[in-house]
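Colleague: Let me begin by handing over the structure; questions about it come next.
There are 2 protein chains.
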Amino acid sequence: MMDEFLSTLAAIVGRDYLLVDGAETAPYLNDWRGRYRGAARAVVRPADTAQVAAVLAACHAAAVPVVPQGGNTGLCGGATPLPDGRSVLLSLSRLNRVRALDPDNNTLCVEAGCKLSAVQAAAHEAGRLFPLSLASEGSCEIGGNLSTNAGGVQVLRYGNMRDLVLGLEVVLPDGQVWDGLRGLRKDNTGYDLKHLFVGAEGTLGVITAATLKLFPAPQARATAWVAVPDPAAAVALLAHMRGGCGDRITAFEIVGRPALDLVLQHIEGARDPLPGSAPWAVLVELSDTLPDAALEDMFERELGAAIEKGLVLDAAVAGSLAQAEALWALRENISEAQRLEGVSIKHDIAVPVSRIPAFLSAAGSRLRAVWPDVRIVAFGHIGDGNLHYNLSKAAAEENASFIARTEEANRVVHDLVAELGGSISAEHGLGQLKREEIRRYKSELELLLMRKIKSALDPAGLMNPGKLL
Amino acid sequence: MMDEFLSTLAAIVGRDYLLVDGAETAPYLNDWRGRYRGAARAVVRPADTAQVAAVLAACHAAAVPVVPQGGNTGLCGGATPLPDGRSVLLSLSRLNRVRALDPDNNTLCVEAGCKLSAVQAAAHEAGRLFPLSLASEGSCEIGGNLSTNAGGVQVLRYGNMRDLVLGLEVVLPDGQVWDGLRGLRKDNTGYDLKHLFVGAEGTLGVITAATLKLFPAPQARATAWVAVPDPAAAVALLAHMRGGCGDRITAFEIVGRPALDLVLQHIEGARDPLPGSAPWAVLVELSDTLPDAALEDMFERELGAAIEKGLVLDAAVAGSLAQAEALWALRENISEAQRLEGVSIKHDIAVPVSRIPAFLSAAGSRLRAVWPDVRIVAFGHIGDGNLHYNLSKAAAEENASFIARTEEANRVVHDLVAELGGSISAEHGLGQLKREEIRRYKSELELLLMRKIKSALDPAGLMNPGKLL
């Protein structure tokens, strides 16, 4: 049985695309990690921008909140409705068309429901690169990537999602459609509105399409696993490599020994590329748009010099694509290995690259002072100053008592991050998870400015309530 | 004699830094091109952010508008007060300190009054590159570059000012100071506020400092002057060069024959690198962060192949730094040559790169249909889709009757730009010059969104009235 409001929505999207049955709606109403369980009036699955606009207009008229959702791969509950069940869950997944590709202008216009892997494939077919690359790229959708300003492993060279978008089409909270899809690299005709919606986590409007930048496709890649004595050496190695390789550095990921050990322990086929006990390793990737770029030679030369400088203990350069993939698999499987190990307390922090060593040193000592047997599993995008700084419990500890110390751990880690001029959410956004926590670390003035923007664009407060702000 | 309000300002900045005398204030109250003549209550020259904040607070309390100004090199009157004389002209030029440089984090924190050339020099001294490069770099200030989202000749490789900034310090209209100077490449903790102020042309607040990105310094450069048969060949050449040179392409500027002829005629020492009558030329620059990059060889190979494909008629690769500078001088002197030739009607437009040939063809035929002897001087950043499309009068025509056709010319050129999905102000902003014109080409909804932002951040409407909106 449907009330009048739901009948209105069914008339817009078609009865088949309005879900109310619990078994059908469950995948949309719970987050990927199983941490947030939400409820909604219904799940609607519009086919195109016009239907999205009509749905938002109807919700606006009825004062019903709207929760936009893409691939539902987010890590902060930003796409899960609150348990009050008042909202409509708006799935963008059916808006999955590639609208246009312009090779000479190096732009690709896609709808928000396109999977990131599909966007990458469309670029590849045209001989170009769309460089956003995340673990979840087979499931996440570009609208979600935009709404969370996704990062990933190639930010070092290509930037975040924010740096990869030229224009947006957005349905505003009242159902009006803003067409800002211009694919221009130079356009100084007023305020840059798209940057409000990028990273807004669905709280200002619904992104329905985007014009993305394309890049020349790399023709050569080389990958190396490099053992370093400490994080300061890793930071110095990055500067050293920049001097010798310049723009060719595409990825620079640090892996702490505890993180590597978890992978070696839990992931079948995983092998340590440099058997030994080096406390830290760095996964480095170079790429070049020229095929004859001699990147392996460049590695030999630069890493050899780094060894002589004492920055590097040992290094292994991948000699084949299979070897390179095996190295990347070590990095990519850390999250899974940590999951198999048991519960963990996760942090996604950023500090200036120059302060990474100070962060790791101080975080370790401050945590151990109050928690002597905590296991620190640190890894991540050190080249961007972004670490995934996760805590695993000691084997004997109980899950509940471990998780109960989450706030205590956050206080230590996040206070330190703030002291060092960093961010408590480098990549994953605020969602539900960190919207309270951020208030400790943002100035009142900055929070006020955000609320003013929210009031200006969503005066009725219907967009994704309980998230971000 | 000073009224109470001006006495308040004098107490903040010091009497010496409050200017009221006409001879002293004139350089601030008139724009660089002599097109706009303004008037103000006073010109104030604060020393630091605290003084800027106090000045804005005082102006806010007295409901006096404020016009921020950097190097006063803008081209749209955006930094010139209106003739009503109600505003205070706020010069940022004394805020010229380099606050911090972090080589490992590749960031540089500077105050808004630093000249762009000083910012470039600070980066250079640290072995890095700050890539923003404009003709006015010896005079313009980084605060103005930020407020206008300046572009320049290296946008093709490094992006606009917007792509080069990580954080801002902004004094809000009521005098509160927002410290958003975090130098992080990854920070997803709410709305990205800095992008509101970048390109806002001083209408939302006063930028007082910025954290800028630094890049590896190029170690090798090569420059070539390339004769092409038509704009379509130039666009195809860019795609060809991208395939063969990838990221190394740093600049790609088109110069029409009439533009080149003006330089050869008016600028002493200027010589045609490829004597002949090719209708178009492209100035191409490659650079690499490795010193042994063999860029001249790359040019020979790629341009040779382009000649065989029929894209290129002839090419000259600079064999020395002096030769390269001579080639760049041809491009950089076009504006001066056009000024010496006489009055002109200027357009700063962008279309998708793929539509540049269609724009040039249609603009030429539509203009000549109503103005048979108009002289079209087209040149610019074709790699970004941005052309300076200027009209010079026929020798015999009178200045006044020529200039009187400005609106007619705008209508033809701007309507065409809109048809092609472009922008009527690619680089220079709206200021006073284009704030009315833009209303023909932006949707009502987009203008409404901009007014909502303005109302939210500057409810009293005191920031730079009569500009942009």
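So the sequences go chain by chain: A and B.
Heads up, the final residue of the first sequence is numbered 469 in UniProt numbering, and it's a clean run with no missing numbers.
Heads up, the final residue of the second sequence is numbered 469 in UniProt numbering, and it's a clean run with no missing numbers.
For glycine and all other residues, C-beta sits at the position ideal for the given N, C-alpha and C.
If you check the beta carbons only, do LYS467(A) and GLY78(A) fall under 9 Å apart?
Modeller: Cβ distance < 9 Å, so LYS467(A) and GLY78(A) count as in contact.
Colleague: Got a sec? Which residues, its chain only, sit under 8 Å from PRO103(B) by beta carbon, not counting five neighbours each side?
Modeller: Cβ neighbours of PRO103(B) beyond the five flanking positions: ALA126, GLY127, ARG128, LEU214.
Colleague: Let me confirm a value: ASN149(B) is counted as buried when at least 16 other C-beta atoms fall within 10 Å, else exposed. Which label applies?
Modeller: Per the 10 Å Cβ criterion, buried.
Colleague: Can you name the residues of chain A whose CB is closer than 9 Å to the CB of LEU184(B)?
Modeller: Within 9 Å Cβ-Cβ: ALA350, VAL351, PRO352, ASP384, GLY385, ASN386, GLY421, GLY422, SER423, ALA426.
Colleague: Do you know how far the Cα of SER425(A) is from the Cα of TYR28(A)?
Modeller: Looking at the two C-alpha atoms, the distance is approximately 24 Å.
Colleague: Give the residues of chain B in contact with PRO216(A), contact being defined as C-beta atoms less than 8 Å apart.
Modeller: Ordered by position in chain B, the residues that pass the 8 Å Cβ test against PRO216(A) are ARG242, GLY243, GLY246, ASP247.
Colleague: GLY74(A): which of LEU101(A), VAL64(A), ALA135(A) sits nearest, CA to CA?
Modeller: Of the candidates LEU101(A), VAL64(A), ALA135(A), the one whose C-alpha sits nearest the C-alpha of GLY74(A) is ALA135(A).
Colleague: Are there three or more Cβ pairs, one per stretch, closer than 8 Å when the segment 411-423 of chain A is compared with the segment 337-352 of chain A?
Modeller: Enough Cβ pairs lie closer than 8 Å, so yes.
Colleague: Nearest to VAL44(B) by alpha carbon, out of PHE402(B), LEU89(B), LEU327(B)?
Modeller: Ranking the options by Cα distance to VAL44(B), first place goes to LEU89(B).
Colleague: So what does DSSP say about ASP314(B), is it helix, strand or coil?
Modeller: Reduced to three states, the DSSP call for ASP314(B) is strand.
Colleague: Does any C-beta atom of chain B lie closer than 9 Å to the C-beta of HIS195(A)?
Modeller: Output row for HIS195(A): interface = yes.
Colleague: Taking ASP297(A) as part of the beta strand (DSSP E), name the residues at either end of that continuous run.
Modeller: Unbroken run through ASP297(A) is the alpha helix (DSSP H), 295-308; no beta strand (DSSP E).
Colleague: Measure the beta-carbon distance from ASN390(A) to VAL377(A) and round it to whole angstroms, keeping in mind my assumption that it falls under 8 Å.
Modeller: With 8 Å as the limit, ASN390(A) and VAL377(A) qualify as a contact, their Cβ atoms being about 5 Å apart.
Colleague: Excluding the five sequence neighbours on either side, which residues of its own chain have a C-beta within less than 7 Å of the C-beta of LEU469(A), listed in chain order?
Modeller: Excluding sequence neighbours, LEU469(A) sits near THR203, ARG435, MET450, ARG451, LYS454.
Colleague: Note down the Cα distance separating GLY246(A) from ASP247(B), rounded to an integer number of angstroms.
Modeller: Cα to Cα, the separation comes out at about 11 Å.
Colleague: Can you tell me which of ILE345(A), ALA121(A), GLU141(A) puts its alpha carbon nearest to the alpha carbon of PHE402(A)?
Modeller: Of ILE345(A), ALA121(A), GLU141(A), the residue nearest in Cα terms is ILE345(A).
Colleague: Using a Cβ-Cβ cut-off of 6 Å (strictly less than) and excluding sequence neighbours within five positions of ALA233(A), which residues of its own chain qualify?
Modeller: Excluding positions up to five away in sequence, the list reads LEU311.
Colleague: If we count the other Cβ atoms within 10 Å of its Cβ and call it buried at 16 or more, is ARG157(B) buried or exposed?
Modeller: Label assigned to ARG157(B): buried.
Colleague: If the cut-off is 9 Å on Cβ atoms, which residues from the segment 166-185 of chain A count as contacting chain B, listed in chain order?
Modeller: If the cut-off is 9 Å between Cβ atoms, the segment 166-185 of chain A has LEU172, GLN176, VAL177, TRP178, ASP179, GLY180, LEU181, ARG182, GLY183, LEU184, ARG185 near chain B.
Colleague: Compute the Euclidean distance between the alpha carbons of HIS195(B) and GLN154(A), then round it to the nearest angstrom.
Modeller: Taking the straight line joining both Cα atoms gives about 22 Å.
Colleague: To the nearest angstrom, how far is it from the Cα of GLU137(A) to the Cα of ALA122(A)?
Modeller: Those two C-alpha atoms are separated by around 14 Å.
Colleague: Thinking C-beta only, is LEU416(A) closer than 9 Å to HIS359(A)?
Modeller: Note on residue identity: the sequence assigns Phe, not His, to residue 359(A). Cβ atoms of PHE359(A) and LEU416(A): closer than 9 Å.
Colleague: May I ask you to report which of helix, strand or coil DSSP gives TRP328(A)?
Modeller: Looking at TRP328(A) - three-state DSSP - the assignment turns out to be helix.
Colleague: For chain B, check one thing: does any of its Cβ atoms lie closer than 9 Å to the Cβ of ILE453(A)?
Modeller: Yes, because at least one Cβ of chain B sits closer than 9 Å to the Cβ of ILE453(A).
Colleague: Tell me which same chain residues have a C-beta within less than 8 Å of the C-beta of LYS115(A), skipping the five on either side of it?
Modeller: Hits under 8 Å: GLY71, ASN96, GLU137, GLY138, SER139, CYS140, GLU141, ILE142.
Colleague: So who's on the other strand from ASN386(A), going by DSSP bridges?
Modeller: According to DSSP, ASN386(A) bridges with ALA350(A).
Colleague: With DSSP run on the structure shown, which of helix, strand or coil describes GLY364(B)?
Modeller: Here GLY364(B) sits in helix by DSSP.
Colleague: Kindly list, in the order they appear in chain A, the residues whose Cβ is closer than 9 Å to that of THR200(B).
Modeller: According to the sequence provided, residue 200(B) is Ala. The question's Thr does not apply to it. Ordered by position in chain A, the residues that pass the 9 Å Cβ test against ALA200(B) are GLY190, TYR191, ASP192.
Colleague: Any beta carbon from chain B within less than 9 Å of ARG221(A)'s own beta carbon?
Modeller: So, not an interface residue.
Colleague: Does the CB of VAL413(A) have a neighbour CB from chain B at under 9 Å?
Modeller: It does not: the Cβ of VAL413(A) has no partner Cβ on chain B nearer than 9 Å.
Colleague: Between the segment 166-174 of chain A and the segment 47-57 of chain A, do at least 3 Cβ pairs fall closer than 8 Å?
Modeller: Contact holds: three or more Cβ-Cβ distances are below 8 Å.
Colleague: Going by the DSSP bridge assignment, what does ALA209(A) pair with across the sheet?
Modeller: Answer by DSSP bridge pairing, in chain order: GLU111(A), GLU169(A).
Colleague: Does the contact criterion of 3 or more C-beta pairs under 8 Å hold for the segment 221-240 of chain A versus the segment 273-293 of chain A?
Modeller: With a cut-off of 8 Å, the segment 273-293 of chain A and the segment 221-240 of chain A count as touching, because enough Cβ pairs lie within range.
Colleague: Per DSSP, PRO68(A) forms a beta bridge with which residues?
Modeller: DSSP lists LEU90(A) as partners of PRO68(A).
Colleague: Look up SER277(B) in the DSSP assignment and say whether it is helix, strand or coil.
Modeller: Looking at SER277(B) - three-state DSSP - the assignment turns out to be coil, as it is neither helix nor strand.
Colleague: Tell me the rounded alpha-carbon separation between LEU462(A) and VAL119(A).
Modeller: Each residue's alpha carbon lies about 30 Å from the other.
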